[in-house]
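Working notes for the structure below.
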Amino acid sequence: MYTDDDVQPEVAIFEMFKSQDTGLLPIDNFLCALKATGIREDDPRLKTTFEMLKPTNKSNENQELNLENFTSIVSPSIGLLSRAFIDQCIVPEFQDFCNDIDEIYWKCKDNQSGTVRFLTLITFLTFSKIWTSSIKN
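For the sequence shown, full-length UniProt numbering begins at 1 and goes up steadily by one.
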């Protein structure tokens, strides 16, 4: 018999996102929840996991995984996935962070004052109508 301390991370994640009706985990729900943590499909740390999900997810129907298949797919990256789902990644509350950056962008987009640093002057002269924001940690 398992206690809460004995639950494997793969099982805990599966239980969080499985359908109560079918007992299976919808891949789309899992990927959406993963994206909400700030993890993206092009993250090299999850390359193996996403490669294993792709063949399963090419069908038009919503694909679902049982616990055994889910565990075999996520096992190579379970450490990162566990940290992501308990908000221990670099940017906690990632969606709030994205919303804040989006708001800053739209407030600043029409700002024409200020000066361009010398090192970026050539880029500015070439692409003077382009505006972007950049985040560095």
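Quick reminder that beta carbons are idealized off the backbone N, C-alpha and C, glycines included. Values in this document were obtained by computation on a predicted structure and should not be read as measured data.
When DSSP states are grouped into helix, strand and coil, L80 belongs to the helix group. Taking C-beta separations shorter than 6 Å and ignoring five residues to either side along the sequence, the partners of F14 in its chain run L25, L67 and F70, following chain order. Assignment of beta-bridge partners to P26 by DSSP yields E64. A residue is called buried when at least 16 other Cβ atoms come within 10 angstroms of its Cβ; E10 meets this threshold and is buried.
Contact annotation, E64 with I27: C-beta distance approximately 7 Å; criterion of less than 8 Å satisfied. Boundaries of the alpha helix (DSSP H) harbouring P9: P9 to F17, taken from the DSSP string.
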